[in-house]
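Below is one structure; the comments refer to it alone.
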Amino acid sequence: MTTPLRLGTRGSKLALAQSQMVADELTKRTGTPVELVRIITAGDRSAAPVAELGVGVFVSALRDALLNNEIDFAVHSYKDLPTALLPSLHIAAVPEREDPRDALVARDGKTLTELSAGSTIGTGAVRRIAQLHALGLQLQVTPIRGNIDSRIARVLGPEADLDAVVLARAGVMRLGRAAEITETLDPMLMLPAPAQGALAVECRSGNTDLVELLGALDHAPSRFAVTAERAMLATLEAGCSAPVAAHAELAEGEQGDEIYLRGAVISPDGTRAVRLSRTGTPAAAAEIGKALAADLLEAGADTLMGSTE
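Residue numbers (the UniProt record's numbering): 1 to 309.
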């Protein structure tokens, strides 16, 4: 193939880095040239908090471009995708996942527990805000927006106004700023968002040749883990709107590989939480996620909204 494939991407520094990484890997594995096409999304144009913008605000413009044949495929941060499927589009690949954990960037190299009471800590995710409250460290949690560079600048820049920020470790790594991470947060303290650290490579489902070509990028263990986490989220979305967190790992079991999925639903103020886990085979990833969601709802996860400061 001599005509480059058109890869649609958001124009942010992180999105461009992720998309270029996918483009380079596809060319390396298949010999197919790829060119990046920048798409402006509603989320990029708005300064409102992400929680107010709604699910899918960063992907709808990319999907419209796909459906209008303006691009051939798109790269999304998987956690930004709505859980509802679009039959006309297909996730052709989930490349190998970056570390899904959250990371702390703090002044003076401090860890989370070293921050003094009253320290100001910023994050844009209601999931992180709820879990920070749940730790009972008496921190002042501030909702923030902006790209990774601007968030870190609020801690380490010349006009810094925060003591720390919490971000997805994957994004910091992909921008080459890992040295500024002062602590990678253990999932026992801060359970990640479903599909955090994973990318979704999406194309039109009818383009079977491209589906097959993009399949060269697929990493099965990453896909299994994300499938379990997203199935849990999709099932919960019908019955719970409190902050949701999930983390699936593949481990060697007595009878082959197993998925170990942990899930949590936390009240916004962090005073109550339901945390449970399930295991099963990779082939049953979606069923594991659905079953864990049912367990969480049975344990009262749908009652956690309304617990506010």
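Quick reminder that beta carbons are idealized off the backbone N, C-alpha and C, glycines included.
A quick note: this is a predicted structure, and the numbers were derived from the prediction, not measured.
At least three beta-carbon pairs within less than 8 Å, the segment 85-101 to the segment 112-124:
Counting Cβ pairs under 8 Å, fewer than three are found: no touch.
Count the CB pairs spanning the segment 259-272 and the segment 200-218 that are closer than 8 Å, and state whether there are at least three.
In short, these stretches do not touch, since the Cβ pair count stays below three.
Around the Cβ of LEU85, are there at least 16 other Cβ atoms within 10 angstroms (buried) or fewer (exposed)?
For the purposes of this step, residue 85 is taken as residue 85 along the sequence shown, with counting starting at 1. Taking a 10 Å sphere around the C-beta of LEU85, we find fewer than 16 other C-beta atoms and assign the residue as exposed.
Hey, quick one: how far does the beta strand (DSSP E) through VAL141 stretch, first residue to last?
Counting from one through the sequence shown, the residue named residue 141 turns up at place 141. VAL141 -> beta strand (DSSP E) spans 140-143.
Contact under 9 Å by Cβ, ASP269 with ALA170:
As a first step, residue 269 must be located in the sequence shown, where it is residue number 269. As a first step, residue 170 must be located in the sequence shown, where it is residue number 170. No, these two residues do not count as a Cβ contact at 9 Å.
State the start and end residues of the unbroken alpha helix (DSSP H) segment that holds ARG29.
Counting from one through the sequence shown, the residue named residue 29 turns up at place 29. Counting along the chain, the alpha helix (DSSP H) containing ARG29 begins and ends at 13-30.
I'd like to check one pair, MET190 with ARG128: are the Cβ atoms closer than 9 Å?
Reading the sequence shown from its first residue, position 128 is the one you call residue 128. Reading the sequence shown from its first residue, position 190 is the one you call residue 190. A Cβ-Cβ contact shorter than 9 Å links ARG128 with MET190.
In the DSSP assignment, what are the bridge partners of LEU89?
The count along the sequence shown starts at 1 and reaches residue 89 at position 89. DSSP output for LEU89 lists ARG204 as bridge partner(s).
State buried or exposed for ILE259, treating a residue as buried only when at least 16 other CB atoms are found within 10 Å of its CB.
For this step, residue 259 is matched to residue 259 along the sequence shown. Burial state of ILE259 is buried, judged by a 10 Å Cβ sphere holding 16 or more other Cβ atoms.
So, for VAL165: in the same chain, excluding its five sequence neighbours on each side, which residues have a beta-carbon less than 6 Å away from its beta-carbon?
One-based indexing of the sequence shown puts residue 165 at position 165. Correct list, in chain order: VAL105, GLY122, ARG151, VAL155.
Thinking C-beta only, is LYS110 closer than 9 Å to ILE163?
Walking along the sequence shown from the start, residue 163 turns up at place 163. Walking along the sequence shown from the start, residue 110 turns up at place 110. The displayed chain sequence assigns Asp, not Ile, to residue 163. Yes; because the gap between Cβ atoms is below 9 Å, this pair is in contact.
CA nearest to the CA of residue 365, picked from ALA61, ALA195, ALA168
Residue 365 cannot be examined here, being either before or after the span of the chain that is shown, 1 to 309.
What ranges does the alpha helix (DSSP H) occupy inside the segment 198-277, keeping only unbroken runs of at least 4 residues that lie completely in it?
Those alpha helix (DSSP H) runs which fall completely within the segment 198-277 and span 4+ residues are 208-214, 220-237.
Is LEU139 closer than 9 Å to LEU115 when the C-beta atoms are compared?
The count along the sequence shown starts at 1 and reaches residue 115 at position 115. The count along the sequence shown starts at 1 and reaches residue 139 at position 139. A contact, by the Cβ cut-off of 9 Å.
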